[in-house]
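Colleague: Residue numbering for the sequence shown is 1 to 245, as defined by full-length UniProt numbering. Ideal placement from N, C-alpha and C gives every residue a C-beta, glycine not left out. From a predicted model like this one, the values you see are computed outputs, not experimental measurements.
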Amino acid sequence: MSLLTVESLNKSFGGVRAVDDVSFELPKGHMMALLGPNGAGKSTCFNMLNGQLVPSSGSIRMEGEELIGKRPRDIWRLGVGRTFQIAAVFNSMSVVENVQMALFSHQRRLLRFFKPLHRYDREPALELLRLVGIEQYADKPCSTLAYGDVKRVELAIAMAHGPRLLLMDEPCAGMAPHERNGLMALTRRLVDEQGISVLFTEHSMDVVFSFADSMLVLARGKLIAAGDGNHIRHHPKVKEVYFGS
Ligand code: ADP
Ligand code: MG
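1) Indicate the three-state DSSP secondary structure (helix, strand or coil) for E63 in the structure shown.
2) Would the beta-carbon of K140 be found less than 7 Å away from any heavy atom of ligand 2?
3) Excluding the five sequence neighbours on either side, which residues of its own chain have a C-beta within less than 8 Å of the C-beta of T83, listed in chain order?
4) Can you grab the Cα-Cα spacing for the pair R189 / K237, in whole Å?
5) At a cut-off of 7 Å, is S23 close to ligand 2 when judged by its beta-carbon and the heavy atoms of the ligand?
6) For the beta strand (DSSP E) containing V22, name the first residue and the last one.
7) What residue range does the beta strand (DSSP E) around I196 cover?
8) Distance check for P163 and D74, CA to CA, integer angstroms please.
9) Sort out for me which residues DSSP pairs A225 with in a bridge.
10) For K140, does the three-state DSSP call read helix, strand or coil?
11) What number of angstroms, rounded off, separates the C-alpha of V22 from the C-alpha of E7?
12) Does the Cβ of H104 have 16 or more other Cβ atoms within 10 Å, making it buried, or fewer, making it exposed?
13) According to the neighbour-count rule (16 or more other Cβ atoms, all chains shown, within 10 Å of its Cβ), is E240 buried or exposed?
14) Check each candidate in T5, G174, T187, A219 and name the one with the smallest Cα separation from L67.
15) Following the continuous beta strand (DSSP E) through E135, name the residue where it begins and the one where it ends.
16) When the Cβ atoms of the region 14 to 32 are set against those of the region 185 to 200, are three or more pairs found closer than 8 Å?
17) For A33, report the span of its alpha helix (DSSP H) as first-last.
18) Please tell me whether K70 and T44 are closer than 8 Å, where the distance is taken between their beta carbons.
19) Report the three-state DSSP secondary structure of S2 (helix, strand or coil).
20) DSSP three-state label for V80, please.
Quick look at the structure:
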């Protein structure tokens with residue numbers, strides 16, 4: 001069974017059909033890229049998947065459960081995590097504190113009556129830092145980290161919430177090429193070892209073809225192609241959109 005089933009998803013802003021009749025399935029343990037030129041509708045799709053935007057029509061089901069109509073934080077609790085184009089961390093706090101806080105907020109509903117924040121152990125947070133390869137920076141303020149490492153903190157925070165699906169909108173924006181490959185290799189490992197599914201957007205075709213299992217290509221809100229790297233690379237409509245031929 002697919003983790004996510006999207007059917008006939010639409011979003012209009014006034015007269016603009018930002019997302020136009022988009023349908024796709026995302027399997028479990030799968031890394032899928034959402035491609036398309038600027039303005040194609042990628043971010044609008046993401047914003048609907050995590051409940052920030054209400055679709056004009058359509059259906060988004062996670063393992064059979066309809067997400068449309070649920071509040072963003074309920075969708076997040078169901079296991080839809082997200083990272084942002086600009087990493088969202090608390091700069092003045094240490095790396096490990098950022099992750100401890102995420103763990104705390106994830107479990108607060110269950111634990112708030114008997115487990116105050118200062119008891120929120122370091123060890124589970126360090127474990128997550130180990131997972132993303134930055135345990136050595138645990139006690140540094142986030143503000144002192146290289147940008148590529150801040151993105152790793154963000155990933156550890158996202159993992160603290162136990163996602164089943166992680167949405168990553170341009171995770172590599174502003175990164176140097178070696179950092180980019182590192183972050184994507186790490187994401188790939190989370191998919192393979194932790195069994196999560198990832199949907200991400202990315203401009204570099206090289207990155208996408210190296211790391212994604214499959215791709216969706218949007219143009220002017222419409223899904224023009226879907227499939228693996230080979231299929232996408234040779235798809236006439238994709239060539240037209242990207243290379244004008
Ligand atoms: P992408 O992320 O692929 O660059 P977006 O999803 O941001 O594309 O935008 C798709 C289209 O929807 C664009 O034409 C954009 O101008 C329009 N759009 C996006 N958000 C809004 C909004 N809040 N209000 C009006 N138009 C919007
Ligand atoms: Mg965008």
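Modeller: Well, looking at it:
1) coil
2) no
3) K151, E154, L155, A158, L166, L167, M168, D169, P171
4) 31 Å
5) no
6) 16 to 26
7) Taken as a continuous stretch (DSSP letters only), I196 belongs to no beta strand (DSSP E), as it is neither H nor E.
8) 13 Å
9) V217
10) coil
11) 6 Å
12) Strictly speaking, residue 104 in this sequence is Phe, with His absent from that position. Under this definition F104 is a buried residue.
13) exposed
14) T5
15) From DSSP, E135 is part of no beta strand (DSSP E); its letter is neither H nor E.
16) yes
17) A33 -> not in any alpha helix (DSSP H); beta strand (DSSP E) instead, spanning 31 to 35.
18) no
19) coil
20) strand
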